[in-house]
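Student:
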Ligand code: APR
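Numbering (our numbering), first residue to last: 2 to 230.
1) Does the Cβ-Cβ distance between residue 70 and residue 14 come in under 9 Å?
2) Who are residue 123's beta bridge partners in DSSP?
3) Could you pull out every residue in the same chain whose Cβ sits closer than 7 Å to the Cβ of residue 181, ignoring the five residues on either side in sequence?
4) Could you pull the start and end residues of the beta strand (DSSP E) that residue 6 belongs to?
5) I'd like the ranges of any beta strand (DSSP E) spanning at least 3 consecutive residues and lying wholly in the region 183-230.
6) Measure the C-alpha to C-alpha separation of residue 56 and residue 80 and round it to an integer number of angstroms.
7) With 16 other CB atoms within 10 Å as the buried threshold, where does residue 73 fall?
8) Considering only residues of the same chain and omitting the five flanking positions on each side of residue 119, which have a CB-CB separation below 8 Å?
9) Check whether the Cβ of residue 26 sits closer than 8 Å to any heavy atom of the ligand APR, and report yes or no.
10) Please give me, in chain order, every unbroken run of the alpha helix (DSSP H) with length at least 4 that falls completely inside the region 135-187.
11) On the criterion of 16 or more Cβ atoms from any shown chain inside 10 Å, does residue 87 qualify as buried, or is it exposed?
12) I want to check one thing, is the minimum distance from the CB of residue 135 to the heavy atoms of the ligand FAD below 8 Å?
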């Protein structure tokens with residue numbers, strides 16, 4: 002029994018778009034509706050934590066109305082033929098709900114809160130959970146377990162190790178403008194195939210296989226390519 006090849010995928014907001022979750026930088030994106038530095042930065046949190054709690058309460062509540070789409074499901078199905086590791090910039094739980102076995106969140110998770118006095122202490126919450134700057138869980142004041150702009154990305158190091166072990170690397174639904182996530186493709190070993198699925202792909206180095214389609218169609222096409230190779 003030969004070991005399965007390792008497929009590592011880096012997903013962005015675009016993989017959740019067909020589930021009805023807004024991306025950030027598309028025409029109708031979240032950053033068109035909210036000033037990003039007020040609702041998603043360390044300075045913004047220091048300035049007005051109540052606004053940030055409200056912003057993430059709303060995004061968390063929306064999870065109750067959405068479901069994984071075909072792209073998330075295809076990724077789970079690829080586990081039949083590959084050891085699949087998902088690295089996601091998304092803070093929704095759609096990869097988990099689709100059944101993916103390994104999901105690494107680079108930018109945090111909507112369904113977790115973090116103790117202000119001990120960042121290593123996180124608490125699971127539900128889409129119905131509403132928090133304020135005064136909310137305590139187990140006696141700890143809490144904040145959204147989200148990586149804000151101006152903050153470190155502690156999971157980036159483990160993510161680069163996964164990419165370095167990949168036999169196939171796939172990027173889906175990201176504009177590749179936010180670092181360090183956008184640099185993940187630089188960690189593949191020489192000769193490892195890289196695929197990029199996005200209907201409006203950003204510029205990527207020559208040699209990356211671009212599939213300029215929506216995630217549901219692009220993932221179906223990729224699954225065909227991978228299960229035939
Ligand atoms: N299928 C696949 N990709 C899509 C679809 C779709 N149906 N619809 C849109 N896209 C693509 C867009 O073309 C774009 O390239 O998804 C990408 C979304 O880009 P962004 O909105 O910038 O989202 P993302 O790259 O995930 O943002 C990265 O920025 O604000 C921070 O922390 C936030 O994790 C987020 C990070």
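Glycine included, C-beta positions come from ideal geometry on N, C-alpha and C.
Treat the numbers as computed from the prediction; the structure is a model and nothing was measured.
Tutor: With the given structure in hand:
1) no
2) 115
3) 154 and 157
4) 6-12
5) 195-198 and 210-212
6) 35 Å
7) buried
8) 141
9) yes
10) 157-166
11) buried
12) The ligand FAD is absent from the structure shown, which contains only the ligand APR.
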